[in-house]
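Visitor: Please read through the structure below; I'll follow up with questions.
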Amino acid sequence: MDNKQATLELGTKPVGALLMQYALPAIVAMMASSLYNMVDSIFIGQGVGPLAISGLAITFPFMNLSAAFGAAIGVGASTFISVKLGQKDYKTAQNILGNSVTLNIIVGVMITVVGILFLDDILRFFGASDSTLPYARDYMEVILWGNVFTHLYFGMNAILRAASKPRIAMYATIFTVVLNTILDPLFIYTFHFGIRGAAYATILSQMTALVWQFKIMSNKKELLHLKKGIYRLKKVLVENILGIGVSPFAMNACACVVVIFINQGFVTYGGDLAVGAYGIANKVATIFAMFVMGINQGMQPIAGYNYGATKYDRLMQVMKLSVIFATVIMTIGWLIAQFLPYYCARLFTTDPTLIKMSIRGIRLDMLVFPIIGYQMVVSNFFQSIGKAKISIFLSLSRQLTFLLPLLIILPPIMGVDGVWYAMPISDSIAAIVAAWMMIKYMRKFKRHIAEHETNN
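Quick note: the sequence shown uses the working numbering, first residue 3, plus one each step.
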């Protein structure tokens, strides 16, 4: 089957089969990505020490900020490409590919320069103490020097999925996990690079996968491929890429701000090990969130294509199926968090104090997980069909309107528990808002479907 035929199937093949076809590789890829991050944390915690785990947690805001810029380009470009493929505008889709490469390089270089120049000040602002700053600095210095390759790697993976190549995107991610798992113990234990070794393993894995991605996307037989004349930035394309990508950018940027408040709350009311406990709880929670993100990534090209092709009945089907799968996955995560938290924490550390703090943190952080999957799918659904303003509202309401005020109000009253409880409370409110917004728009789509059936 040629690439154009695979793209056309987005509007004809049964939605359930399509979602499985696109979501399963994306889930495997996202799970691999999650394990990829966990591998670093496990080797750092077991091979360097509990304070190194806390130092790694301090870098989360920085990583979220970098990811925010990457998502603005990667998600924006891939969604825009999906819509254009649905409209059969292949020339514009090709130029979006080239412009996304250029934007990733520009943004990657900018983040590296600013990050290296002000690294210590930034990490202090993010909550680093005298004890955790050396670990955080050592890790981020290496990550920043490889930042351009990281942006290109994630950007190319997003475009591969939009170009009807979810399996290749999955293979690229699995490859980075396997190589990272091999290099981590080599650099940390054999070469004694410490926490820097984990960062070296990360960057080298992504660089190697990127070479393979570029080789695939340089094949002239592909519907979308790298070639001369597509890299020069075009104002209308950049505006559309960033217009769609502003939603995931806002979500990740807000996550950066929120994690700063979380880290500072834990340092103030619980100490450095409390930050480490949050780092462990966050890694465990991320495993299941990555499952849902994989479903969202599988849904994105299907929703974008059928929205562009005005096939609203298929659009509604893929959204409903995604919600069901996401809810099942997050409920499984909740069961593990409530009944098996010790085994989760023990993966990362042997320190009894950190394990005890992490058990409580895992349970509280994942307290309302069964309703989070729905909220994640709905936010991504609106992003997938180019409704950036709605997606931004749903993303920002959870982070800024609900969570941030709770992080300011609850800790002075409840101490370290206030930081923990702020997260499930804000998730609950955000899920209610998402449900209200989706019900409102489902009525509109149902009217479109009824009008279409009447006209036919």
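The beta-carbon is built from N, C-alpha and C at its ideal position, and this holds for glycine as well.
Give a single yes or no on whether Phe341 has its beta carbon closer than 8 angstroms to a heavy atom of the ligand ZN.
Guide: Absent from the structure shown: the ligand ZN. Ligands present: none.
Visitor: Helix or strand or just coil, what does DSSP make of Gly388?
Guide: Coil, per DSSP.
Visitor: Within 10 Å of its beta-carbon, does Arg139 have 16 or more other beta-carbons around it, so buried, or fewer, so exposed?
Guide: Arg139 comes out buried.
Visitor: Between Leu226 and Ala95, is the Cβ-Cβ spacing less than 9 angstroms?
Guide: Contact flag set, yes.
Visitor: Measure the C-alpha to C-alpha separation of Ile161 and Pro303 and round it to an integer number of angstroms.
Guide: Between Ile161 and Pro303, the C-alpha separation is close to 10 angstroms.
Visitor: Counting only the same chain and skipping the five closest in sequence on each side, list residues whose C-beta sits under 7 angstroms from that of Gln340.
Guide: Arg365.
Visitor: Please identify the residue among Ile145, Leu146 and Asp123 whose C-alpha is closest to the C-alpha of Leu135.
Guide: Ranking the options by Cα distance to Leu135, first place goes to Asp123.
Visitor: To the nearest angstrom, how far is the alpha carbon of Gly13 from that of Asn308?
Guide: The straight-line gap from Cα to Cα measures roughly 6 angstroms.
Visitor: Can you give, in chain order, each stretch of the alpha helix (DSSP H) that sits fully within the stretch 196-231 and has at least 4 residues?
Guide: Whole alpha helix (DSSP H) segments, 4+ residues: 197-219.
Visitor: Using 10 angstroms around the beta-carbon of Trp336, count the other beta-carbons present and answer buried if the total reaches 16, otherwise exposed.
Guide: It counts as buried.
Visitor: Considering only the beta carbon of each residue, do Phe350 and Ile55 sit closer than 9 angstroms?
Guide: Contact: yes.
Visitor: Reducing DSSP to helix, strand and coil, say where Glu11 ends up.
Guide: Glu11 falls in the helix class under three-state DSSP.
Visitor: Evaluate Thr352 with the Cβ neighbour count: other Cβ atoms within 10 Å of its Cβ, from every protein chain shown; 16 or more gives buried, anything less gives exposed.
Guide: Exposed is the call here.
Visitor: Applying the 10 Å Cβ sphere with the 16-neighbour rule, what's the burial state of Thr312?
Guide: Its Cβ having fewer than 16 others within 10 Å, Thr312 is exposed.
Visitor: Tell me the DSSP secondary structure of Gln89 in three-state form.
Guide: Coil.
Visitor: Alpha carbon to alpha carbon, how far is Ala200 from Tyr314?
Guide: In a straight line, the C-alpha of Ala200 is about 46 angstroms away from that of Tyr314.
Visitor: Examine the Cβ distances between the stretch 393-401 and the stretch 250-264 and report whether three or more of them are shorter than 8 angstroms.
Guide: Contact holds: three or more Cβ-Cβ distances are below 8 angstroms.
Visitor: Relative to the C-alpha of Thr104, which residue among Met158, Ile176 and Tyr443 is closest?
Guide: When each option's Cα is compared against that of Thr104, the closest is Met158.
Visitor: Can you tell me whether Ser324 is buried or exposed, with buried defined as 16 or more other CB within 10 angstroms of its CB?
Guide: Under this definition Ser324 is a buried residue.
Visitor: Roughly how many angstroms separate the alpha carbons of Ala211 and Ile197, rounded to a whole number?
Guide: Cα-Cα distance, rounded: 22 angstroms.
Visitor: Excluding five sequence neighbours on each side, which residues of the same chain lie with their C-beta closer than 8 angstroms to the C-beta of Asp131?
Guide: Reading the sequence as shown, one finds Ser at residue 131 and not Asp. Answer for Ser131: Val269 and Asp274, listed in chain order.
Visitor: So, using beta-carbon positions, are Tyr191 and Gly57 closer together than 9 angstroms?
Guide: Not a contact, by the Cβ cut-off of 9 angstroms.
Visitor: How about the stretch 106-122 and the stretch 165-174: do they share at least three Cβ pairs that are nearer than 8 angstroms?
Guide: Flag = no, the stretch 106-122 and the stretch 165-174 do not touch.
Visitor: Once you ignore the five residues that flank Asp42 on each side, which residues in its own chain have a CB closer than 6 angstroms to its CB?
Guide: So the list reads Ala200, once near-sequence residues are dropped.
Visitor: Check Ser133 in the structure and name its three-state DSSP category.
Guide: Note: Ser133 maps to coil in three-state DSSP.
Visitor: Rounded to a whole number of angstroms, what is the C-alpha to C-alpha distance between Tyr24 and Leu188?
Guide: Answer to the nearest angstrom: the Cα atoms are 35 angstroms apart.
Visitor: So, for Met318: in the same chain, excluding its five sequence neighbours on each side, which residues have a beta-carbon less than 6 angstroms away from its beta-carbon?
Guide: Hits under 6 angstroms: Phe447.
Visitor: Give the single residue among Thr355, Thr204, Gly47 and Leu181 whose Cα lies nearest to the Cα of Ala276.
Guide: With distances taken between Cα atoms, Ala276 lies closest to Thr355.
Visitor: Tell me which same chain residues have a C-beta within less than 8 angstroms of the C-beta of Lys222, skipping the five on either side of it?
Guide: Excluding positions up to five away in sequence, the list reads Lys229.
Visitor: Return the residue from the list Ala436, Met253, Phe327 and Ile145 that minimises the CA-CA distance to Val380.
Guide: Nearest option by C-alpha distance: Ala436.
Visitor: If we call anything under 9 angstroms between Cβ atoms a contact, is Leu235 one with Asn149?
Guide: Not a contact, by the Cβ cut-off of 9 angstroms.
Visitor: At the level of alpha carbons, what is the spacing between Tyr344 and Lys90?
Guide: Answer to the nearest angstrom: the Cα atoms are 52 angstroms apart.
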